[in-house]
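Participant:
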Amino acid sequence: MSTLFPALTNPGEQPALRFGDRSLTYAELGAAADALAVRCAGSDRVAVWATNSLETAVAVVAALRAGVAAVPLNPKSGDKELGHILADSAPALVLAAPGDELPSALRHLERVDVDVHAVGTATDVQVSDEDPALVVYTSGTTGPPKGAVLPRRAIATTLDALADAWQWTGEDVLVHGLPLFHVHGLVLGILGPLRRGGSVRHLGRFSTEGVARELNDGATMLFGVPTMYHRIAETLPDDPGLAKSLARARLLVSGSAALPVHDHERIASATGRRVIERYGMTETLMNTSVRADGEPRAGTVGVPLPGVDLRLVEEDGTPLPEYDGESVGEIQVRGPNLFTEYLNRPDATAAAFTADGWFRTGDMAVRDPDGYLRIVGRKATDLIKSGGYKIGAGEIENALLEHPGVREAAVTGEPDPDLGERIVAWIVPADPQSPPELAELADHVASRLAPHKRPRVVHHLTALPRNDMGKILKRALTHD
Ligand code: MCA
Ligand code: AMP
1 MSTLFPALTN
11 PGEQPALRFG
21 DRSLTYAELG
31 AAADALAVRC
41 AGSDRVAVWA
51 TNSLETAVAV
61 VAALRAGVAA
71 VPLNPKSGDK
81 ELGHILADSA
91 PALVLAAPGD
101 ELPSALRHLE
111 RVDVDVHAVG
121 TATDVQVSDE
131 DPALVVYTSG
141 TTGPPKGAVL
151 PRRAIATTLD
161 ALADAWQWTG
171 EDVLVHGLPL
181 FHVHGLVLGI
191 LGPLRRGGSV
201 RHLGRFSTEG
211 VARELNDGAT
221 MLFGVPTMYH
231 RIAETLPDDP
241 GLAKSLARAR
251 LLVSGSAALP
261 VHDHERIASA
271 TGRRVIERYG
281 MTETLMNTSV
291 RADGEPRAGT
301 VGVPLPGVDL
311 RLVEEDGTPL
321 PEYDGESVGE
331 IQVRGPNLFT
341 EYLNRPDATA
351 AAFTADGWFR
361 TGDMAVRDPD
371 GYLRIVGRKA
381 TDLIKSGGYK
391 IGAGEIENAL
401 LEHPGVREAA
411 VTGEPDPDLG
421 ERIVAWIVPA
431 DPQSPPELAE
441 LADHVASRLA
451 PHKRPRVVHH
461 LTALPRNDMG
471 KILKRALTHD
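Numbering (our numbering), first residue to last: 1 to 480.
1) Within the same chain, show all residues whose beta-carbon is closer than 7 Å to that of G20, passing over the 5 residues directly before and after it, in chain order.
2) Counting only runs of 4+ residues fully inside the segment 368-446, write out the alpha helix (DSSP H) ranges in chain order.
3) Compute the distance between the beta-carbons of F181 and V112, then report whether it is under 9 Å.
4) Identify, in the order they occur along the chain, each residue of the same chain with its Cβ nearer than 7 Å to the Cβ of A133, setting aside the five sequence neighbours on each side.
5) Do V366 and R374 have their CB atoms nearer than 9 Å?
6) Any heavy atom of the ligand NAP closer than 8 Å to the CB of I267?
7) Going by alpha carbons, who is nearest to V406 out of L17, H459, N337 and P346?
8) Which whole-angstrom value describes the C-beta separation of S43 and L93, a residue pair presumed to lie in contact below a C-beta threshold of 8 Å?
9) Could you check how far apart the C-beta atoms of R278 and T271 are, in whole angstroms? I think they sit under 8 Å.
10) Verify the contact flag: P417, CB atom, against every heavy atom of the ligand MCA, threshold strictly below 8 Å.
11) In terms of residue numbering, what span does the beta strand (DSSP E) encompassing H176 cover?
12) If we count the other Cβ atoms within 10 Å of its Cβ and call it buried at 16 or more, is K453 buried or exposed?
13) Give the DSSP bridge partners of D100, in chain order.
14) With the cut-off set at 9 Å, would you say V114 and P98 are in Cβ contact?
15) What does F206 pair with, by DSSP beta-bridge criteria?
16) Can you tell me the Cα-Cα spacing of L236 and S245, whole angstroms?
17) Can you give me the C-alpha to C-alpha distance between R22 and A57, rounded to a whole angstrom?
18) Would you please verify whether the beta carbon of A425 is less than 9 Å from any beta carbon of chain D?
19) Can you have a look at G12 and say buried or exposed, based on whether 16 or more other CB atoms are within 10 angstroms of its CB?
20) Locate the beta strand (DSSP E) running through I331, then write down its first and last residues.
21) Give me the Cα-Cα distance between F223 and L252, rounded to the nearest whole angstrom.
22) Give the straight-line distance between the Cα atoms of A463 and V428, rounded to the nearest whole angstrom.
23) Taking its Cβ as the centre, do 16 or more other Cβ atoms sit within 10 Å of N52, making it buried, or is it exposed?
24) By DSSP, does D324 sit in helix, in strand, or in coil?
25) Can you tell me which of P6, D172, D382 and M286 puts its alpha carbon nearest to the alpha carbon of T141?
26) Can you determine whether any heavy atom of the ligand MCA sits closer than 8 Å to the C-beta of A442, and answer yes or no?
27) How big is the Cα-Cα spacing for M364 and Q332?
28) CA-CA distance, A410 and R196?
29) Taking the alpha carbon of E397 as the point to measure from, which residue in P415, F353 and H444 has its own alpha carbon closest?
30) Measure the alpha-carbon distance for I85 versus P72 and round it to whole angstroms.
31) Using three-state DSSP, classify E277 as helix, strand or coil.
32) Where T508 and G357 are concerned, what is the direct C-alpha to C-alpha distance, given to the nearest angstrom?
33) Would you identify the three-state DSSP class for E341, choosing helix, strand or coil?
34) Just to confirm the assignment, what range does the alpha helix (DSSP H) spanning G218 have?
35) With distances taken between CB atoms, is the gap from A37 to A96 smaller than 9 Å?
36) For G335, which residues from the same chain have a beta carbon less than 7 Å from its beta carbon, with the 5 sequence-adjacent residues on both sides left out?
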């Protein structure tokens, strides 16, 4: 396959990456990645301690240059989540920034410090399009997260399709503050600019001030989850400077969850600019987008990207022919943007596809007469999207049940203006006289799984509503 990063073939002094006051040119990135690639070579997989740093970007590029799959780890993962990911993905090494303290779950692994100023030379590595590039862990409705194996082909294809849809070139300068252990922040937000030969400025952590500063200083594109655009919309009335800087951007892109129409409209009326949405999934990378040369219509995720086959199907799998803005079906996709498998989970991989090779997204949508897709819901009620993170109710329920004060637990999502949905825990305490409180349960889940999976609300009940078969009736869980 041709290289994933043409700009690293004969790299020059143009900027590639900037995190705060630290930056690398393409020449520096190539040299550092090549030095590190030698250490990765020959492994199947390497873990990357994916802090929001230059080191993470260099580590992932190095693994890709070595033809080795990178497994990005959320540095806030708790013991249980980390233990699962390490046992499942069995990385040969962990790549981390010098000085970063790693938790004990990682201490059995050989650690290689990422030196962003090292100087190596490219070695000849045989790689094919189908070789795994990344293994990204993603939550399901039950059980621990599954590792989606993303081949090099999928990454190249999705980024080139987005380049077509967004007129994305090496002239673009992207700003974002997304985490680097998921597809949005890593594949779109770091590998995207590098494939185009452009540059990215990462904010370290999202802030409206950081966005305004970079857009005023030459950044052309902003990527964010809806929570970030919601915070921008909330800030705009008191911050005319923010409106001016957003008006300068060539493209404002939202994804990972639905951006409410109210936030779309508030941003458009304050800045004169419309946010465009694209729709993707860890397993499929990007499927649809509003195009830069198309009509930016609030509440839609646009049209299928080049190379993506997309259909809506009824419950029984019959394709829906309608483009009427009303008929709801499950989105199924096919194309070179798809993952190959869930690592070590042939059962889950098989269940995710139809017999004729379509991937079942679980997202429900309608199609407008001109092909624009509108997502209207999700098949599984046990999947929660909070702050753009996908979180499985079952995983949190299992963690809650490991708390000594919890006898029974059920988890649901409820609407939240900032996070989209917030996690709600319904608990039957072991001792009704001293039920475990929210802070304690939140800490318990945060330290086992990850902070974004912690419940934000807890209700104490004397029993969970169940049907005759003993199954919890989540729809009966309402608070009055
Ligand atoms: C709070 N914190 C805690 C606890 N409580 N830590 C430990 N234990 C606790 N009990 C910490 C949190 O870790 C966080 O730290 C800080 O307090 C604030 O917490 P929180 O309110 O949860 O965070 P936030 O600042 O409100 O986060 C909002 C956010 C975030 C920045 C929008 O949700 C985010 O980054 N979302 C992006 C998700 C994403 O990239 N999804 C893409 C996947 P600290 O602030 O230091 O972290 S989807 C995807 O990839 C597909 C392909 C797609 O379509 O894009
Ligand atoms: P993840 O599994 O974390 O990769 O999240 C993928 C899911 O995020 C999809 O299945 C959708 O439910 C949701 N999603 C991503 N982008 C959008 C969007 N623009 N609008 C609505 N939902 C989205």
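Cβ atoms here follow ideal geometry from the backbone N, Cα and C, with glycine treated the same way. It should be emphasised that the depicted structure is a prediction, and the values quoted were computed from it without experimental measurement.
Facilitator: Short version:
1) G204
2) 393-401
3) no
4) L64, A69, L150, P151, R152 and I155
5) yes
6) This structure lacks the ligand NAP; its bound ligands are the ligand MCA and the ligand AMP.
7) H459
8) 6 Å
9) With a Cβ gap of about 19 Å, R278 and T271 do not count as contacting.
10) no
11) V173 to H176
12) buried
13) Note: D100 sits in no beta bridge, so no partner.
14) yes
15) DSSP output for F206 lists no bridge partner at all.
16) 11 Å
17) 12 Å
18) Looking at the structure shown, chain D is missing, and only one protein chain is on hand.
19) exposed
20) G329 to R334
21) 6 Å
22) 6 Å
23) buried
24) coil
25) D382
26) yes
27) 9 Å
28) 45 Å
29) H444
30) 10 Å
31) strand
32) Because residue 508 is not part of the residues shown, which for the chain are 1 to 480, the question remains open.
33) strand
34) Taken as a continuous stretch (DSSP letters only), G218 belongs to no alpha helix (DSSP H), as it is neither H nor E.
35) no
36) G307, V308 and D309
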